[in-house]
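Quick note on the working numbering: the sequence shown kicks off at 14 and runs consecutively.
Just so it is clear, CB atoms sit at the ideal spot from N, CA and C, and this is done for glycine as well.
These figures come from a predicted structure and were not determined experimentally.
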Amino acid sequence: MGGALRPGDPSFLIVGALLGGALVTGCGALRAPTALEAAQADTALALARPLARFEEATGVGAVPGGPVYVSDAGRNVIVRLPPGERPDTSREAVLGGPGGAVGQFDAPADVDPTDGLVIVVADAGNGRLQRFSDEFRPLETLPVGRGYAAGGEAPARPVFDARTGDTNDLGGGRPVAAREPAGDATYALDAAAGHVLKWEDQRRTVRVVGGFSDGEGVLRDPVDLAVGSDGTLYVADAGRGAVMTYDRFGSFLVARARGLAGNVRAVAAGPSGRLYLARPRSVLVFGREGRLLRRVRLRLPAPAGAVVDVAPAERGLYVLTPQALFHVGRLL
Numbered sequence: 014m015g016g017a018l019r020p021g022d023p024s025f026l027i028v029g030a031l032l033g034g035a036l037v038t039g040c041g042a043l044r045a046p047t048a049l050e051a052a053q054a055d056t057a058l059a060l061a062r063p064l065a066r067f068e069e070a071t072g073v074g075a076v077p078g079g080p081v082y083v084s085d086a087g088r089n090v091i092v093r094l095p096p097g098e099r100p101d102t103s104r105e106a107v108l109g110g111p112g113g114a115v116g117q118f119d120a121p122a123d124v125d126p127t128d129g130l131v132i133v134v135a136d137a138g139n140g141r142l143q144r145f146s147d148e149f150r151p152l153e154t155l156p157v158g159r160g161y162a163a164g165g166e167a168p169a170r171p172v173f174d175a176r177t178g179d180t181n182d183l184g185g186g187r188p189v190a191a192r193e194p195a196g197d198a199t200y201a202l203d204a205a206a207g208h209v210l211k212w213e214d215q216r217r218t219v220r221v222v223g224g225f226s227d228g229e230g231v232l233r234d235p236v237d238l239a240v241g242s243d244g245t246l247y248v249a250d251a252g253r254g255a256v257m258t259y260d261r262f263g264s265f266l267v268a269r270a271r272g273l274a275g276n277v278r279a280v281a282a283g284p285s286g287r288l289y290l291a292r293p294r295s296v297l298v299f300g301r302e303g304r305l306l307r308r309v310r311l312r313l314p315a316p317a318g319a320v321v322d323v324a325p326a327e328r329g330l331y332v333l334t335p336q337a338l339f340h341v342g343r344l345l
C-alpha cells in the first residue's frame, strides 16, 4: 500500500504521534521512550484568582478535609484558612509575630499541620522547630543544629518547658522544612548542616539522615522533605538533581527523578503513593514505583512569582507562590 514507511518520512512521524509516543525514533532506529517522553501528555493549567495573598509565603500544609496553613516570612506568622476551594479569608486565624520568644517567629520557612491536632513550624531564623496545639498553645521547642553528630543517634537537646516559657539551648541550625507524620517521629531539614534530623522515642533521641557518613545517600543541597504513609522519607536535593529516598530507619534506598530535580522547590507525598515535585513553573507527578505520570505546566499570574511549595488536597493540589495561594483540581 504505497511502500513501507521509513523513520525519516513525514508520514512516519505522524503515525508515531498518533501512537502517543509509544515508539521514539533516533538515528533511524526505534527505541523505547524515556520516562519524560512517556509523560508527554502534559497538562497546561492557567491559575486564576488566588485563594489568599501573602507578603512572603514560604510553606503550605493542609489537614485532610480541614483547614490549610501557610507560613508567611514577610509577617513572621502562620496563617490558618478554613477549608474549601474558596475559603472565607475573613475567618483566617493568625499565629505568631516577629521575635524569638515562644510563639514568635523569625522567617518561618514551613508548617506541617499533621492531622490537625498538632502544628509544627520550621522557625528558620530562630534555629528551631516549634510545636503547637490546634488552639495555638505552645507545646514544645526543638533546637535544630547544635550538638548533633553527622551520623547515628544522639540525645535530644534541651527543649522548651511550656510551664516556664524557658527557651534554653537553641540550636544554631536553619530548619527550612518540617514534617511530623503519624507515629512517633518528627523531621526537620537543616539547611545550614545540609542534612535531616529525625526525633524519635517521644523526641528524646535524634538521628541524622543524609549526613556525610551516609555514603551514597549523602545530601548535597537539600531543599525540602516529605514522608510517605509507609514511613519512606523523600528529600528533594537540588544539588543531586534527584529525590533521595530513605526507609523509616534512615537507611538510603534509591535516588528518584534523576535529572528532573535540579531546580526543584518542594516535594510532597500524596495519596496512593504519589509524589509531587514542584519546580518554579511546573509540577511533576510520580507513581508509587517512581514512574513519571504527568508533567503539569503552570501559567501563573504575573505578580504571583514562582512556585515555592505544594500540598495535596482532598480534591486536587494547593500551589503556593511567595505572594499567593492557589488550588488546582485533580492532576490525574
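**Span of the beta strand (DSSP E), counted from its first residue to its last, around residue 319** = No beta strand (DSSP E) contains residue 319, which DSSP labels as neither H nor E.
**Prompt:** Can you list the beta strand (DSSP E) stretches of 3 or more residues lying completely in the region 221–246, in chain order?
**Reply:** 235–240
**Asked** What's the call for residue 233, buried or exposed, on a 16-neighbour Cβ count within 10 Å?
**Response** exposed
**Request:** Look at the alpha carbon of residue 284 and the alpha carbon of residue 74, and state the distance between them as a whole number of angstroms.
**Result:** 15 Å
**Prompt:** Who are residue 157's beta bridge partners in DSSP?
**Reply:** For residue 157, which the question treats as bridged, DSSP gives no partner whatsoever.
**Item:** In DSSP terms, what residue 298 is bridged to
**Value:** 289 and 307
**Message:** Excluding the 5 residues flanking residue 65 on each side, which residues of the same chain have their C-beta closer than 8 Å to its C-beta?
**Reply:** 83, 92, 94, 100, 102, 105, 337 and 338
**Request:** Could you tell me the distance, in whole angstroms, from the CA atom of residue 319 to the CA atom of residue 335?
**Result:** 7 Å
**Message:** Assuming contact is defined by CB atoms lying nearer than 9 Å, are residue 323 and residue 270 in contact in what I supplied?
**Reply:** no
**Request:** Taking only the alpha-carbon atoms, compute the straight-line gap between residue 155 and residue 287 and give it to the nearest angstrom.
**Result:** 30 Å
**Item:** Neighbourhood of residue 261 by C-beta distance below 6 Å, restricted to the same chain and skipping five residues each side
**Value:** 244
**Asked** Do the CB positions of residue 200 and residue 206 come within less than 9 Å of each other?
**Response** no
**Message:** Between which two residues does the beta strand (DSSP E) holding residue 268 run?
**Reply:** 265–269
**Request:** Have a look at residue 110 and residue 293 and give me their C-alpha separation to the nearest angstrom.
**Result:** 28 Å
**Asked** If you drop the 5 nearest sequence neighbours on each side, which residues of the same chain put their C-beta closer than 6 Å to that of residue 263?
**Response** 220 and 222
**Request:** Out of 258, 127, 209 and 247, point me to the one whose CA is closest to residue 195's CA.
**Result:** 127
**Prompt:** In the structure shown, what three-state DSSP assignment does residue 192 receive?
**Reply:** strand
**Request:** Reducing DSSP to helix, strand and coil, say where residue 253 ends up.
**Result:** coil
**Message:** Taking the straight line between their C-alpha atoms, what separation do you get for residue 50 and residue 151?
**Reply:** Because the pLDDT of residue 50 is 45, which lies under 50, any placement of that residue in the model is unreliable, and the question is left without a value.
**Asked** Is the CB-CB distance between residue 290 and residue 274 below 9 Å?
**Response** yes
**Request:** With a threshold of 16 other CB atoms inside 10 Å of the CB of residue 302, please say whether the residue is buried or exposed.
**Result:** exposed
**Message:** Between which residues of its own chain and residue 113 is the CB-CB distance below 7 Å, once the five residues before and five after are set aside?
**Reply:** 119 and 139
**Message:** Please give the ranges of any alpha helix (DSSP H) in the region 47–107, keeping only runs that are unbroken, at least 4 residues long and fully inside the region.
**Reply:** 48–51
**Prompt:** Contact check, residue 321 vs residue 61 under 8 Å by CB: the rounded distance?
**Reply:** So it is not a contact: roughly 19 Å between Cβ atoms.
**Cα-Cα separation, residue 307 to residue 296** = 8 Å
**Prompt:** By the 10 Å Cβ neighbour count, where 16 or more other Cβ atoms means buried, how is residue 121 classified, buried or exposed?
**Reply:** buried
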